[in-house]
DNA sequence: CTGATAATAGTACGACCGTTCGTGCTGTCA
DNA sequence: TGACAGCACGAACGGTCGTACTATTATCAG
C-alpha cells in the first residue's frame with residue numbers, strides 16, 4: 003500500500019468515527035481536515051467530491067460490520083447458534099466499535115428521505131444484511147431448530163426491531179437496562195421460532 | 003390570536019413539515035423563509051435564535067402527537083383497547099401526518115449524540131410517552147386483561163421497538179409489507195401479555 | 001542522484017449559514 | 001392628527017461550506 007492509500011485509509015477511519023458521532027451531514031471537509039491534521043485541499047484531493055467521501059465511509063462501515071459481526075458468526079455452527087452470534091456481537095462488539103454506536107442507525111434517519119448514491123448504498127447494505135439474516139434463519143429451519151412454518155420475513159423484521167430499539171432506548175434515552183431488554187426480547191423471539 | 007401569533011404558527015407548521023423531510027440540522031432559516039414566502043429577517047424575528055425555532059418545532063410535534071394519538075385513545079376503554087388505539091393511530095395517523103413520517107424517529111438519531119436543549123426536550127417527550135404507555139399497560143393488568151407478572155418496562159421497550167422498526171423498514175428500505183409486519187408483531191406482543 | 005510523478009499545501013471562489021441593524025409600512029389609541 | 005407599537009423588509013456582517021485552481025514538497029523507479 004503506497005503512501006496515498008495509507009493516508010486515505012487513515013482519513014476514512016477518522017471520518018467514520020466522526021460520522022458515528024455527528025452524522026453524515028455534519029461530516030465536514032474542514033472538520034475532518036482538522037481531526038486528521040491535514041489541509042482541506044490535501045484531504046479533498048483524495049476523494050474529489052464530498053459524495054465520494056460519504057460513500058467511502060459507508061463502504062468502510064460495511065466492511066467493518068462484516069469483519070466484526072458476520073465473519074466470526076460464520077465460524078459458529080449453522081442455524082440458531084449463528085443467529086445468536088450475529089445478535090450478540092451486533093449488540094456488544096458492533097455498537098461499541100464506534101463512539102456514536104451503530105453507524106447505520108445513526109445515518110439511516112437522515113438518508114431515508116434524501117435520494118442519492120449514499121442512500122442507495124445504505125439501502126443495499128441493509129438489504130444484504132437482511133438477506134444474511136433470512137438465510138441464517140432458513141438454515142435453522144433446515145436443521146430442525148426452527149419450526150417449518152416460520153415466517154422468515156417476519157423473523158427478520160423482528161430481529162431488526164430489537165437492534166433498532168436497543169439503539170434508540172440505550173443511546174437517546176440512556177436506559178442502562180436496554181441491553182438486558184434487548185437480550186430478553188431476542189430470547190423470546192428465538193423461543194417463538196422453535 | 004394576533005397577526006404575529008398567526009404568522010408564527012404558520013411558520014412552525016411549515017418548519018415541522020420541513021423537519022420531517024430533511025431533519026433538524028437541515029432546517030435552515032433561508033429555506034424556511036423561502037417555503038413560507040417571507041424574508042429571512044422577518045421570519046427570524048419571531049424566534050430570535052435557531053435553537054428557539056427548533057424547540058418550537060419539537061413542541062409543536064409533541065402537541066400534535068397528543069392531539070392525534072393520545073387524546074382519541076383516552077376516549078377508548080381503559081387498558082388493552084386503549085393500548086391498541088395508541089398503536090393503531092401511531093402507525094396509521096401519526097406516520098402519515100407528516101410527509102417524512104414520524105418526526106421523533108427522524109430527529110432522534112441526529113440528536114442522540116448532540117447535547118443541548120433540543121435533545122433534552124426530545125428525551126423528555128419520549129420519556130413522557132413511555133410513561134403513558136407504561137401506565138396504560140399497568141391499567142390493563144388492573145383490569146385483568148394482562149397477566150399480573152408482566153414486566154412493564156419490557157413491554158414498553160417492545161412496543162417502542164415495533165414503531166421503530168416500522169419507520170426503519172417502511173421508510174428507508176421501502177418495504178410495503180412493513181405495516182403488516184408491525185401489526186403482526188403487535189398482536190404477538192399482546193398475546194404474550196395475556 | 002535525478003527526474004517524473006504522486007501527495008499535500010496554499011489561496012481563492014461563490015454560495016449559504018445564523019444573526020444584526022436600520023427602515024418602512026400598518027393599524028391603534030390619545 | 002400625532003405618537004407609538006407590532007411586524008416585515010433588504011442589506012450586510014463574519015463564518016463556514018464544498019470545490020477549483022496553482023504551487024510546493026515527498027516519494028520512488030531508473
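Residue numbers (the numbering used here), protein chains in the order written: chain H, 3 to 196; chain R, 3 to 196. Each residue gets a CB set at the ideal place from its N, CA and C atoms; glycine is no exception. The structure presented is a predicted model; accordingly, all values stated were derived computationally and were not measured.
CB of residue i within 8 Å of CB of residue j, strictly
{"i": "residue 120(R)", "j": "residue 113(R)", "result": "yes"}
{"i": "residue 64(H)", "j": "residue 165(H)", "result": "no"}
{"i": "residue 167(H)", "j": "residue 88(H)", "result": "no"}
{"i": "residue 163(H)", "j": "residue 22(R)", "result": "no"}
{"i": "residue 12(H)", "j": "residue 38(H)", "result": "yes"}
{"i": "residue 160(H)", "j": "residue 135(H)", "result": "no"}
{"i": "residue 26(R)", "j": "residue 109(R)", "result": "yes"}
{"i": "residue 71(R)", "j": "residue 116(H)", "result": "no"}
{"i": "residue 41(R)", "j": "residue 35(R)", "result": "yes"}
{"i": "residue 175(R)", "j": "residue 129(H)", "result": "yes"}
{"i": "residue 80(R)", "j": "residue 145(R)", "result": "yes"}
{"i": "residue 48(H)", "j": "residue 10(H)", "result": "yes"}
{"i": "residue 66(R)", "j": "residue 99(R)", "result": "yes"}
Own chain, CB closer than 6 Å to residue i, minus 5 neighbours either side, in chain order
{"i": "residue 62(R)", "result": "14, 18"}
{"i": "residue 20(H)", "result": "29"}
{"i": "residue 195(H)", "result": "148, 152"}
{"i": "residue 82(R)", "result": "142, 147"}
{"i": "residue 171(H)", "result": "177, 180"}
{"i": "residue 188(R)", "result": "89, 164"}
Assigned secondary structure, residue i (DSSP; H/G/I helix, E/B strand, else coil)
{"i": "residue 51(R)", "result": "coil"}
{"i": "residue 185(H)", "result": "helix"}
{"i": "residue 196(R)", "result": "coil"}
{"i": "residue 179(R)", "result": "coil"}
{"i": "residue 27(H)", "result": "coil"}
{"i": "residue 77(H)", "result": "coil"}
{"i": "residue 20(R)", "result": "helix"}
{"i": "residue 150(R)", "result": "coil"}
{"i": "residue 43(R)", "result": "helix"}
{"i": "residue 32(R)", "result": "helix"}
{"i": "residue 4(R)", "result": "coil"}
Near the ligand HEM: residue i beta-carbon under 7 Å from a heavy atom
{"i": "residue 23(H)", "result": "The ligand HEM is not among the ligands present in this structure, which contains no ligands whatsoever."}
Residues near residue i in its chain [Cβ-Cβ closer than 7 Å; skip 5 each side]
{"i": "residue 103(R)", "result": "22, 97, 169, 173"}
{"i": "residue 58(R)", "result": "14, 49"}
{"i": "residue 16(H)", "result": "34, 37, 38"}
{"i": "residue 150(H)", "result": "143"}
{"i": "residue 78(R)", "result": "84, 87"}
{"i": "residue 2(H)", "result": "This structure does not reach residue 2(H), given that chain H is present from 3 up to 196, and the question cannot be answered."}
{"i": "residue 122(R)", "result": "none"}
Neighbourhood of residue i by C-beta distance below 8 Å, restricted to the same chain and skipping five residues each side
{"i": "residue 124(R)", "result": "60, 106, 109, 110, 113"}
{"i": "residue 31(H)", "result": "42, 45, 46, 52, 55"}
{"i": "residue 133(H)", "result": "none"}
{"i": "residue 140(R)", "result": "154"}
{"i": "residue 101(R)", "result": "19, 22, 23"}
{"i": "residue 1(H)", "result": "Residue numbering for chain H in the displayed model covers 3 to 196; residue 1(H) lies beyond these limits and cannot be assessed."}
Does the stretch 89-96 of chain R come into contact with the stretch 43-57 of chain R, if we say contact requires no fewer than three beta-carbon pairs (one atom in each stretch) closer than 8 Å? no
Answer yes if the stretch 153-160 of chain R comes into contact with the stretch 183-193 of chain H, meaning at least three C-beta pairs across the two stretches below 8 Å, and no otherwise. yes
Item to check | Completely contained beta strand (DSSP E) runs for the stretch 93-147 of chain R, where each covers 3 or more residues | outcome: none
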